[in-house]
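Below is one structure, written out as structure tokens; comments come after it.
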Amino acid sequence: MTLRAKLSLVIILEIIAMVTLVGIVTFRQSRSEIQSLARELLKARTEYAFTLCELYNDLHGQPAKELIRRIQSVRIAHDGYIAVISNAAETKGVLVIHPNSVGVNINNPRFPHIQRILEEIDASGGANRVSNFIHYHQGTDARGRQGEAKIGYYMYFAPWHWVVLSTGYEKDVYGSTDAVLHRVTEAIILVGLISLIILNLTLVKMFRPMRQLISATKSVAAGNLDTKIEIESKDEIGGLATHFNHMLESLRENTRIWQELEIARRLQQEMLPEGKPHLPGVRIEAISLPATEVGGDFYDFIPLDDNRFALIIGDVSGKGMSGAIGMSCAISSLRFSVDERQHTDEMLTLANHRLLRDIQRYMFVAVFLGIYDRNQRQIFYTNAGQTMPLLCRNGRVDFLTQSDQDRFPLGIRPNVVFSEQMVQLQPGDLLVCYTDGIVELANGEREPYGFDRFKSSLAKHAHKPLEQIAANVIAEAQAYVAGAQDYNDDITLVLVKIL
7 MTLRAKLSLV
17 IILEIIAMVT
27 LVGIVTFRQS
37 RSEIQSLARE
47 LLKARTEYAF
57 TLCELYNDLH
67 GQPAKELIRR
77 IQSVRIAHDG
87 YIAVISNAAE
97 TKGVLVIHPN
107 SVGVNINNPR
117 FPHIQRILEE
127 IDASGGANRV
137 SNFIHYHQGT
147 DARGRQGEAK
157 IGYYMYFAPW
167 HWVVLSTGYE
177 KDVYGSTDAV
187 LHRVTEAIIL
197 VGLISLIILN
207 LTLVKMFRPM
217 RQLISATKSV
227 AAGNLDTKIE
237 IESKDEIGGL
247 ATHFNHMLES
257 LRENTRIWQE
267 LEIARRLQQE
277 MLPEGKPHLP
287 GVRIEAISLP
297 ATEVGGDFYD
307 FIPLDDNRFA
317 LIIGDVSGKG
327 MSGAIGMSCA
337 ISSLRFSVDE
347 RQHTDEMLTL
357 ANHRLLRDIQ
367 RYMFVAVFLG
377 IYDRNQRQIF
387 YTNAGQTMPL
397 LCRNGRVDFL
407 TQSDQDRFPL
417 GIRPNVVFSE
427 QMVQLQPGDL
437 LVCYTDGIVE
447 LANGEREPYG
457 FDRFKSSLAK
467 HAHKPLEQIA
477 ANVIAEAQAY
487 VAGAQDYNDD
497 ITLVLVKIL
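Just so we're aligned, residue 7 is where the sequence shown starts under my numbering, counting upward by one.
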């Protein structure tokens with residue numbers, strides 16, 4: 007064996023060993039992150055269906071056909087779905103919602119995972135929101151892909167004795183890990199072949215390996231992002247390898263951020279009310295423009311009885327996936343608090359206690375909560391660090407009265423004392439609720455749009471229909487920016503016209 011062959015063999019073995027090790031580590035890390043993200047998405051589907059149940063329970067007090075249709079329309083990966091199982095004493099184990107087995111009782115030994123779920127719920131005393139992940143295999147006498155491993159996440163809705171279960175095949179839910187493994191394998195093979203070519207050409211001509219490495223970087227950057235080249239030399243080849251590794255790190259990070267933002271946008275949109283709410287005594291128009299980086303703006307309308315409804319608008323401090331999850335916690339806590347308390351200050355106090363426990367330490371939630379009484383045309387409200395709503399009346403635009411006690415957002419301090427305010431409204435009044443995204447828009451000189459311009463725009467358009475008011479006010483704010491920047495915060499606007 008020649009010296010050239012021996013040197014080639016040693017270097018090739020070292021490169022293959024190093025790339026294989028990096029590939030294995032990269033695959034394990036990527037698989038763990040993808041599986042964690044997939045589990046959170048499965049959990050989010052269950053929480054979405056649970057939130058729908060809460061909403062319809064608040065609106066109707068019982069299940070509705072539209073609710074069942076909306077839950078049945080949710081699909082998870084390829085063959086996944088959301089099922090609802092009764093835990094009531096007389097129908098325990100009966101499928102209430104299922105793609106093809108509604109009415110079948112599965113509380114029997116053929117479905118041990120269902121028996122385990124019901125036992126866990128019973129052990130908790132039937133507490134609302136009891137939840138957990140489960141792993142099981144599709145039974146040999148069940149429909150579907152028999153014998154395959156499945157994963158599910160359930161949550162118990164106690165008011166209706168419903169077990170809301172999102173389930174799918176692990177192969178589908180974690181399908182991206184197979185793609186990562188294939189990419190790592192391809193990268194190892196590709197780098198090995200390229201290394202062999204580069205090594206042989208290096209022994210023939212000094213500068214030829216540089217051209218080959220540049221070509222290799224373009225090929226790998228086009229799709230093989232899970233590899234890394236380790237070259238310790240300080241010459242031109244080492245410099246190219248360093249830039250190559252930096253490029254891959256940037257591409258991986260950008261891909262991860264993009265995927266997270268897409269999921270966060272979907273979660274954010276699913277949590278907002280669908281369409282225009284039709285509530286007695288008012289007309290409502292709501293619009294939310296997502297930022298370039300997903301923020302945490304949200305709003306909600308909760309009917310309390312035939313005469314009153316709750317109006318909520320808020321902003322979660324987090325961005326991306328953490329902001330979307332924080333928004334989910336905030337909406338859930340606020341809906342729960344509205345049901346449990348009578349006054350707006352008590353509602354925000356309860357929500358604050360729950361959010362201190364549920365959201366991450368560095369996050370907080372700014373929120374305005376109002377209860378409108380249609381008969382009296384009065385709105386009782388409490389503000390927790392949110393931009394104060396504006397009242398348009400007879401050509402004037404003024405802020406609602408705010409107490410000094412209402413300046414702390416939720417989720418920061420445990421002993422905040424809130425106060426409830428009341429304002430008497432009149433037919434023709436326009437209540438404008440908004441988040442800080444619109445007033446913080448800045449032009450090319452970094453001068454913010456500000457409250458004065460916002461109030462002037464509202465005064466100019468307040469006599470028009472609500473759709474035109476919202477469109478014109480936002481258009482004027484965007485014209486002020488004139489392409490100077492992308493939105494770094496959501497723009498949310500809720501208009502309430504008193505009839």
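Glycine included, each C-beta is placed from N, C-alpha and C at the ideal position.
| task | Measure the Cβ-Cβ separation of Val80 and Ser92 and say whether it is below 7 Å. | result | Within the sequence shown, residue 80 is the residue found at index 74, counting from 1. Within the sequence shown, residue 92 is the residue found at index 86, counting from 1. The answer is no: Cβ separation not under 7 Å.
| field | Straight-line gap, Leu278 to His249 (C-alpha atoms, nearest Å) | value | Sequence index remark: in the sequence shown, residue 278 carries index 272 (1-based). Sequence index remark: in the sequence shown, residue 249 carries index 243 (1-based). Cα to Cα, Leu278 sits roughly 43 Å from His249.
| field | Contact between the segment 340-352 and the segment 414-429 (3+ Cβ pairs under 8 Å) | value | Taking 8 Å as the limit for Cβ pairs, the verdict is that the segment 414-429 does touch the segment 340-352.
| Buried versus exposed, by CB contacts within 10 Å (16 or more), Gln392 | On the sequence shown, position 386 is the one that residue 392 refers to. Within a 10 Å sphere around the beta-carbon of Gln392 sit 16 or more other beta-carbons, which makes this residue buried.
| field | Opening and closing residue of the beta strand (DSSP E) in which Lys156 lies | value | As a first step, residue 156 must be located in the sequence shown, where it is residue number 150. Membership of Lys156 in the beta strand (DSSP E) is indicated by the continuous run 155-163.
| task | Drop a sphere of 10 angstroms on the beta-carbon of Tyr160, count the other beta-carbons inside from all chains shown, and report buried for 16 or more, exposed for fewer. | result | Taking the sequence shown and counting its residues from 1, the one referred to as residue 160 is at position 154. Burial call: buried.
| message | In this structure, how does DSSP classify Lys49 when only helix, strand and coil are distinguished? | response | As a first step, residue 49 must be located in the sequence shown, where it is residue number 43. Helix at Lys49.
| query | Closest by CA to Val487, which one among Ala50, Arg452, Leu397, Arg262? | reply | For the purposes of this step, residue 487 is taken as the residue at position 481 of the sequence shown. Comparing Cα-Cα distances from Val487 to each of Ala50, Arg452, Leu397, Arg262, the minimum goes to Arg452.
| task | Drop a sphere of 10 angstroms on the beta-carbon of Gly302, count the other beta-carbons inside from all chains shown, and report buried for 16 or more, exposed for fewer. | result | The sequence position of residue 302 within the sequence shown is 296, counting from 1. Buried: at least 16 other Cβ atoms inside 10 Å.
| task | Please classify Asn313: does DSSP put it in a helix, a strand, or coil? | result | In the sequence shown, counting from the first residue as 1, residue 313 sits at position 307. For Asn313, the secondary structure class from DSSP, reduced to helix, strand or coil, is coil.
| Are three or more beta carbon pairs between the segment 461-475 and the segment 255-262 nearer than 8 Å? | With the cut-off at 8 Å, the segment 461-475 and the segment 255-262 do not touch.
| So, is Asp321 buried or exposed, given that buried needs 16 or more other C-beta atoms within 10 angstroms? | Numbered from 1 along the sequence shown, position 315 holds the residue referred to as residue 321. By the Cβ-count criterion, Asp321 is buried, with 16 or more other Cβ atoms from all chains shown falling within 10 Å of its own Cβ.
| said: Just to confirm my understanding: we take Ile112, look at its own chain, exclude 5 residues before and 5 after, and list those with CB closer than 6 Å. What are they? | reply: For the purposes of this step, residue 112 is taken as residue 106 along the sequence shown, with counting starting at 1. These residues qualify, in order along the chain: Gly99, Ile120.
| query | Cβ of Ala83 within 7 Å of Cβ of Gly158? | reply | To locate residue 83, count along the sequence shown from 1; it is residue 77. To locate residue 158, count along the sequence shown from 1; it is residue 152. Not in contact: Ala83 and Gly158 (Cβ atoms no closer than 7 Å).
| query | For Pro395 versus Leu431, is the C-beta spacing smaller than 7 Å? | reply | Looking up residue 395 in the sequence shown gives position 389. Looking up residue 431 in the sequence shown gives position 425. With contacts defined as CB atoms closer than 7 Å, Pro395 and Leu431 fail to qualify as a contacting pair.
| query | From Asp311 to Leu61, what distance separates their C-alpha atoms? | reply | Position 305 of the sequence shown, counted from the first residue, corresponds to residue 311. Position 55 of the sequence shown, counted from the first residue, corresponds to residue 61. When rounded, the distance between both Cα atoms is 13 Å.
| What runs of the beta strand (DSSP E), each 3 residues or longer, lie entirely inside the segment 370-422? | 371-379, 384-390, 396-399, 402-405, all fully within the segment 370-422.
| field | Ile123 versus Ala50: straight-line alpha-carbon distance, rounded | value | Translated into the one-based positions of the sequence shown, residue 123 becomes position 117. Translated into the one-based positions of the sequence shown, residue 50 becomes position 44. Rounded to the nearest angstrom, the two C-alpha atoms are 19 Å apart.
| Is it buried or exposed for Thr498, if we count other Cβ within 10 angstroms and need 16 for buried? | Walking along the sequence shown from the start, residue 498 turns up at place 492. So Thr498 counts as buried.
| request: Could you tell me whether the Cβ atoms of Tyr378 and Phe315 are closer together than 7 Å? | output: As a working mapping, residue 378 is identified with position 372 in the sequence shown. As a working mapping, residue 315 is identified with position 309 in the sequence shown. Here Tyr378 is near Phe315, since their CB atoms are less than 7 Å apart.
| task | Kindly examine the ligand HEM and report whether one of its heavy atoms sits closer than 6 Å to the Cβ of Tyr387. | result | Within the structure as shown, the ligand HEM is missing, as the structure has no ligands at all.
| Per-residue DSSP class, three states only, for Pro454 | Residue mapping note: residue 454 aligns to position 448 of the sequence shown, counting from 1. Pro454: strand per DSSP, three-state reduction.
| Euclidean distance between Cα positions of Val288 and Asp345 | Along the sequence shown, read from residue 1 onward, the residue named residue 288 stands at position 282. Along the sequence shown, read from residue 1 onward, the residue named residue 345 stands at position 339. Taking C-alpha positions only, Val288 is separated from Asp345 by approximately 22 Å.
| said: My output table needs one value for Pro215: the three-state DSSP class, helix, strand or coil. | reply: On the sequence shown, position 209 is the one that residue 215 refers to. Confidence at Pro215 is low in this model, with a pLDDT of 49, below 50, so its placement is unreliable and the value that follows should be read with caution. In the structure shown, Pro215 sits in a helix (DSSP, three-state: H, G or I).
| field | Residues near Leu73 by beta carbon distance below 8 Å, same chain, minus five either side | value | Here residue 73 refers to the residue found at position 67 when the sequence shown is read from its first residue. These residues qualify, in order along the chain: Leu58, Cys59, Tyr62.
| said: Considering only the alpha carbon of each residue, which of Ile319, Ile337, Arg459, Met369 lies closest to Val403? | reply: On the sequence shown, residue 403 is found 397 positions in, with the first residue counted as 1. Among Ile319, Ile337, Arg459, Met369, the Cα nearest to that of Val403 is on Arg459.
| request: Can you tell me which of His252, Ile77, Asn478, Ala155 puts its alpha carbon nearest to the alpha carbon of Phe56? | output: Start at 1 with the first residue of the sequence shown, and residue 56 comes out as number 50. Of His252, Ile77, Asn478, Ala155, the residue nearest in Cα terms is Ile77.
| Leu317: which of Ile385, Ala481, Thr52, Asn358 sits nearest, CA to CA? | Residue numbering aside, residue 317 sits at position 311 when the sequence shown is read from its first letter. Looking only at Ile385, Ala481, Thr52, Asn358, the smallest Cα-Cα distance to Leu317 is reached by Ile385.
| field | Cα-Cα separation, Gly132 to Trp168 | value | Here residue 132 refers to the residue found at position 126 when the sequence shown is read from its first residue. Here residue 168 refers to the residue found at position 162 when the sequence shown is read from its first residue. Looking at the two C-alpha atoms, the distance is approximately 10 Å.
| said: Need the endpoints of the alpha helix (DSSP H) that Arg122 sits in, please. | reply: Mapped onto the sequence shown, residue 122 falls at position 116. It spans 118-129 - the alpha helix (DSSP H) in which Arg122 sits, taken as one unbroken run.
| task | State the CB to CB distance for the pair Tyr495 and Glu446, rounded to an integer number of angstroms; the pair is presumed to be in contact (CB under 8 Å). | result | Locating residue 495 in the sequence shown gives position 489, counting from the first residue. Locating residue 446 in the sequence shown gives position 440, counting from the first residue. Here residue 495 is Asp; the residue named in the question, Tyr, does not match the sequence. Sure, about 6 Å apart at Cβ, within 8 Å.
| query | Near His104, what residues of its chain come up, given a Cβ to Cβ distance below 7 Å and the 5 sequence neighbours on each side ignored? | reply | Taking the sequence shown and counting its residues from 1, one reaches residue 104 at position 98. For His104, where only same-chain residues beyond five positions count, the Cβ hits under 7 Å are Ala89.
| said: Please classify Ile365 as buried or exposed, where buried requires at least 16 neighbouring CB atoms within 10 angstroms. | reply: The residue labelled residue 365 in the question sits at position 359 within the sequence shown. With 16 or more other CB atoms across the displayed protein chains lying within 10 angstroms of its CB, Ile365 is buried.
| Residue ranges of each alpha helix (DSSP H) within the segment 53-102, 4 or longer | Runs of the alpha helix (DSSP H) lying entirely within the segment 53-102 and spanning at least 4 residues, in chain order: 71-78.
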